[in-house]
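Worksheet: the structure to be examined is printed underneath.
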Amino acid sequence: MDRLANKRILLGITGSIAAYKAGEVVRRLRDAGAEVRVVMTRGGTEFVTPMTFQALSGQPVHLHLLDADAEAGMGHIELAHWADAILVAPASADFIARLVLGRADDLLSAVCLASRVPLVLAPAMNSGMWHNPATQANIRTLQSRGVLILGPDEGKQACGEVGAGRLLATEPLLAGLSEVFGRGLLTGKTVLVTAGPTREAIDPVRYLSNHSSGKMGFSIAEAAVEAGARVILVAGPVTLPTPDHLQRLDVVSAGEMFDTVMAHIQGVDIFIATAAVADYRPLRVTENKIKKKAERMVIELEPTPDILSEIKARYPGLFCVGFAAETSDLETYARDKLQRKGIDMIAANWVGPAAIETEGAFGSDTNALRLFWPDGEAELTVAAKPKLARQLIGHIVQCYQNRPPRSKHTDTKVVSLPDVKRTPGS
Ligand code: C5P
């Protein structure tokens with residue numbers, strides 16, 4: 006429980022009879038050295054008064070979304086930024102459903118939507134409500150977005166029924182919560198991410214490239230770190246600061262990116278190719294600057310090595326995720342790439358004028374993704390790139406864990422293939 010010391014825990018209390026047990030949760034959190042602030046939904050206040058939690062937490066209890074005093078002091082965005090983790094205990098069936106929809110019509114749902122920190126839910130409800138397919142589907146959706154679900158326990162319920170739906174006991178609840186500060190869904194795994202554009206030299210001062218900013222790839226690398234993975238980030242030329250707790254390797258050209266990925270792929274569990282690698286490069290790079298002439302000029306191009314396809318072909322057991330940035334026929338091209346490259350998942354997004362909602366996607370702070378894998382698909386609606394990255398990591402973890410047993414045994418086992426063609430300086 007040491008992991009909870011000095012952590013800022015935002016405790017959400019929703020409408021369930023188990024709300025009275027949250028008093029014990031506040032006390033034990035504070036005993037463990039955590040700082041606690043309580044947000045209650047209207048339903049929560051029907052069961053226990055805010056005064057109880059004010060006394061136990063030593064802090065005012067937050068109740069309203071649109072409270073002029075609170076917004077000036079600690080409104081929903083400040084609360085979302087203040088917390089190191091959000092624990093909703095008890096989480097009612099209705100609150101869970103509202104989270105799935107991304108509602109922000111009360112303070113707690115708005116804080117959860119705005120927050121970037123781990124979200125932990127301890128469901129508590131009648132066992133019929135818990136087993137209802139709607140609740141179960143909602144729980145699976147939240148898990149795929151990286152939300153940690155603790156409990157519920159089985160036993161005698163307040164309504165007299167016996168079954169699953171009791172709030173998890175305080176001890177295992179806090180033990181589970183403390184895991185988010187030490188362990189994640191990818192603890193013990195190594196993830197290699199490529200990000201940004203590549204530059205393909207024409208002469209000593211000119212190059213071919215694209216508008217990729219690297220923001221999506223960097224957010225994905227950060228989300229993998231948050232999920233507990235050891236992360237290697239192979240970055241093309243971008244102007245982004247290095248995220249904490251990962252190994253960054255800077256490269257310029259597609260050839261360098263290929264060599265760097267190859268040199269670090271042993272032992273990697275998940276490869277996420279976010280980089281907008283140039284597909285072609287000049288066949289010849291002139292030694293001196295090309296001089297301007299009156300007539301037309303032709304630059305002959307050759308294909309670059311396809312890093313993702315090559316890696317998947319050499320390491321068939323390695324879980325590989327590709328990206329497809331498209332200006333038309335998104336689904337057709339994405340599915341074709343999934344199959345052609347033999348990869349495990351593809352994340353497709355619109356770019357250019359077609360990406361109206363995300364301002365062209367390249368360079369923008371928001372994005373939207375459609376995910377396709379061999380037997381499923383998912384849609385991640387427009388969101389800030391860090392949030393989207395966390396959702397993507399949630400889906401990747403789920404598919405990685407559900408992959409067929411054969412590939413679990415062939416992880417990063419090399420298959421000998423002829424070397425791809427390299428050019429000098431690549
Ligand atoms: O074939 P296409 O370039 O559209 O595929 C895009 C996906 O393949 C992305 O995941 C990208 O990072 C990866 N790719 C690669 N090496 C290349 C070209 C693309 O790894 N030379």
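Numbering (this note's numbering), first residue to last: 6 to 431. The beta-carbon is built from N, C-alpha and C at its ideal position, and this holds for glycine as well.
Distance cut-off 7 Å: residue i Cβ against heavy atoms of the ligand C5P
| i | result |
| --- | --- |
| Pro242 | no |
| Lys12 | no |
Buried versus exposed call for residue i [16 or more other C-beta atoms within 10 Å across all chains shown]
| i | result |
| --- | --- |
| Ala10 | exposed |
| Gln396 | buried |
| Val402 | buried |
| Cys164 | exposed |
| Ala280 | buried |
| Ser333 | exposed |
| Ile277 | buried |
| Glu331 | buried |
| Ser21 | buried |
| Gln162 | buried |
| Ala268 | exposed |
| Asn293 | exposed |
| Ile295 | exposed |
| Pro358 | exposed |
| Val31 | buried |
| Val93 | buried |
| Thr386 | exposed |
| Ile82 | exposed |
Coil, strand or helix - residue i by DSSP
| i | result |
| --- | --- |
| Leu16 | strand |
| Glu166 | coil |
| Phe377 | strand |
| Asp158 | strand |
| Asp424 | With a pLDDT of only 49 at Asp424, under the threshold of 50, the placement of this residue in the model should not be trusted, and no figure is reported. |
| Arg340 | helix |
| Ile207 | strand |
| His400 | helix |
| His67 | strand |
| Arg8 | helix |
| Thr247 | coil |
| Pro429 | Note on Pro429: pLDDT 38, under 50, position unreliable in the model; the coordinate value appears next. DSSP places Pro429 in coil when its eight states are reduced to three. |
| Lys256 | Reading off the sequence shown, one finds Val at residue 256, where the question assumed Lys. Correct three-state label for Val256: coil. |
| Val41 | strand |
| Arg171 | strand |
| Gly368 | coil |
| Ala330 | strand |
| Phe100 | helix |
| Ala318 | helix |
| Val198 | strand |
| Ile144 | helix |
| Ile277 | strand |
| Glu305 | coil |
| Arg286 | strand |
| Met130 | coil |
| Pro3 | What the structure shows of the chain is the stretch from 6 to 431, and residue 3 is not part of that stretch, so it cannot be assessed. |
| Thr50 | helix |
| Phe263 | helix |
| Val31 | helix |
| Thr432 | Any property of residue 432 remains undetermined from this structure, which presents the chain solely from 6 to 431. |
| Arg108 | coil |
| Ala234 | coil |
| Ile22 | helix |
| Val356 | coil |
Closer than 7 Å: residue i CB and nearest the ligand NAP heavy atom
| i | result |
| --- | --- |
| Asn131 | Looking for the ligand NAP in the displayed structure turns up nothing; the ligands present are the ligand C5P. |
Give a yes or no on contact between the stretch 164-182 and the stretch 138-148, applying the rule of three or more CB pairs nearer than 8 Å. no
Taking contact to mean at least 3 C-beta pairs separated by less than 8 Å, is the stretch 246-258 in contact with the stretch 184-195? no
Using the beta-carbon of each residue, find all residues closer than 5 Å to any heavy atom of the ligand C5P and list them in chain order. Ala278, Ala280, Val282, Thr309, Asp311, Ile312, Leu313, Gly327 and Phe328
Decide yes or no for the touch test of the stretch 380-395 against the stretch 214-225: beta carbon pairs closer than 8 Å, at least 3 of them. yes
So, do the stretch 140-149 and the stretch 98-108 have three or more beta carbon pairs nearer to each other than 8 Å? yes
Pairs of beta-carbons, one from the stretch 291-303 and one from the stretch 251-267, closer than 8 Å: are there three or more? no
For the stretch 59-67 against the stretch 24-44, do three or more pairs of beta-carbon atoms, one drawn from each stretch, fall closer than 8 Å, so that the two count as touching? yes
With a threshold of 8 Å, are at least 3 pairs of Cβ atoms found where one atom belongs to the stretch 64-71 and the other to the stretch 85-92? no
Any 3 or more C-beta pairs closer than 8 Å across the stretch 174-188 and the stretch 197-209: no
Sufficient close CB pairs (3 or more, under 8 Å) joining the stretch 334-346 to the stretch 228-245: no
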